[in-house]
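**Q** Offset between the sequence shown (1-based) and the numbering used here: plus 24.
Glycine included, C-beta positions come from ideal geometry on N, C-alpha and C.
Mind having a look at this structure? Questions to follow.
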Amino acid sequence: MMEVLCSYDEEELKKKLKRKLDDKRYAHSIGVAYTAVSLVMRHGNIDKLEDGGAKLISQAYTAGLLHDCAKCLEDGERDKLCKNYKLDISDFEREYPYLIHAKLGAALSQKKYGVDDDEILSAIRYHTTGHSDMTLLEGIIFSADFIEPTRKPLMIMPIARQALFEDLNHGIYVILEQTLKHLKNKEQPVEEHTLEAYEWYKRYK
Ligand SMILES: [Fe+2]
Ligand SMILES: [Fe+2]
């Protein structure tokens, strides 16, 4: 069994998530968890770590499983939870509420699933937008969310997948560039953290 860093064991956590997510989102979450673990094995310098990477692998697996835990809530339930947890919802998030699940997912992971590891919580918080100069775990969850195996095969997918296993920072740049292109096509504005991330990761072009 894989170790998960929350109040449940792996089996219990998966059972709970299965009840909260639709089938597609559940399969996606499993995909993100294993893709994140693979990226840790590739980029985590685990041979240099005293525990052989055990902690980093558990963090990646836990964050991957939980990252979308707030994705399948109904609007009313989502808004109620945001209020209960006194989350700051930006004007931008009010305009594009699909973004809220990242912030709320971090809060739920802490309060409902018992995650007390700030690195995991932050990786969940920023999995959708990214931000500048991400930690290894943040960058890996952000990336795994985009390339996990059940994702719709976009044109850019093979390039992004290969890039991320070759050079994580360059791979993150590839995703951000694609995200900005996609938003431009839809004539949608770019969220501030995503823009900051793009400006930062441009150096890895
Ligand atoms: Fe998400
Ligand atoms: Fe996701």
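One question on the structure: do Arg149 and Ile171 come within less than 7 angstroms of each other, judged by their Cβ atoms?
**A** For the purposes of this step, residue 149 is taken as the residue at position 125 of the sequence shown. For the purposes of this step, residue 171 is taken as the residue at position 147 of the sequence shown. No, they are not a contact pair.
**Q** Going by the CB atoms, is the gap between His194 and Tyr228 shorter than 7 angstroms?
**A** Position 204 of the sequence shown, counting from 1, holds the residue named residue 228. Position 170 of the sequence shown, counting from 1, holds the residue named residue 194. Result yes, Cβ atoms of Tyr228 and His194 sit closer than 7 angstroms.
**Q** Is it the case that the Cβ atoms of Tyr106 and Leu128 are separated by a distance below 7 angstroms?
**A** Here residue 106 corresponds to residue number 82 of the sequence shown, with the count starting at 1. Here residue 128 corresponds to residue number 104 of the sequence shown, with the count starting at 1. Sequence inspection shows Cys at residue 106; the Tyr mentioned does not correspond to that position. Against a cut-off of 7 angstroms, the Cβ pair of Leu128 and Cys106 comes out as a contact.
**Q** Please report the distance separating the alpha-carbon of Asp191 from that of Tyr197.
**A** Within the sequence shown, the letter at position 167 stands for residue 191. Within the sequence shown, the letter at position 173 stands for residue 197. Approximately 10 angstroms between the Cα atoms of the pair.
**Q** Just to confirm, is the Cβ distance from Val64 to Leu80 under 7 angstroms?
**A** Within the sequence shown, numbered from 1, the residue matching residue 64 stands at position 40. Within the sequence shown, numbered from 1, the residue matching residue 80 stands at position 56. Contact: yes.
**Q** Is His67 helix, strand or coil when you go by DSSP?
**A** Working through the sequence shown from its first residue, we reach residue 67 at position 43. Reduced to three states, the DSSP call for His67 is helix.
**Q** Name the residue from Pro182, Tyr109, Glu201 and Gly88 whose alpha carbon lies nearest to the alpha carbon of Tyr50.
**A** Taking the first residue of the sequence shown as 1, we reach residue 50 at position 26. When only C-alpha atoms are compared, the closest one is Gly88.
**Q** Relative to ligand 2, is the shortest distance from any of its heavy atoms to the C-beta of Asp47 smaller than 6 angstroms?
**A** As a working note, residue 47 is residue 23 in the sequence shown. No, Cβ of Asp47 sits at least 6 angstroms from all heavy atoms of ligand 2.
**Q** Does the Cβ of Asp169 lie closer than 6 angstroms to at least one heavy atom of ligand 2?
**A** Here residue 169 is taken as the residue at index 145 of the sequence shown, counted from 1. Asp169 Cβ: within cutoff of ligand 2.
**Q** For the alpha helix (DSSP H) holding Gln212, just list the boundary residues, first then last.
**A** Indexing the sequence shown from 1 puts residue 212 at position 188. It is not in any alpha helix (DSSP H) - Gln212 carries neither H nor E in the DSSP assignment.
**Q** Could you tell me whether any non-hydrogen atom of ligand 1 is closer than 6 angstroms to the CB of Thr59?
**A** Residue numbering aside, residue 59 sits at position 35 when the sequence shown is read from its first letter. No, the beta carbon of Thr59 sits no closer than 6 angstroms to any heavy atom of ligand 1.
**Q** Confirm, please, whether the CB-CB distance from Thr86 to Ile144 is below 7 angstroms.
**A** On the sequence shown, position 120 is the one that residue 144 refers to. On the sequence shown, position 62 is the one that residue 86 refers to. The answer is yes: Cβ separation under 7 angstroms.
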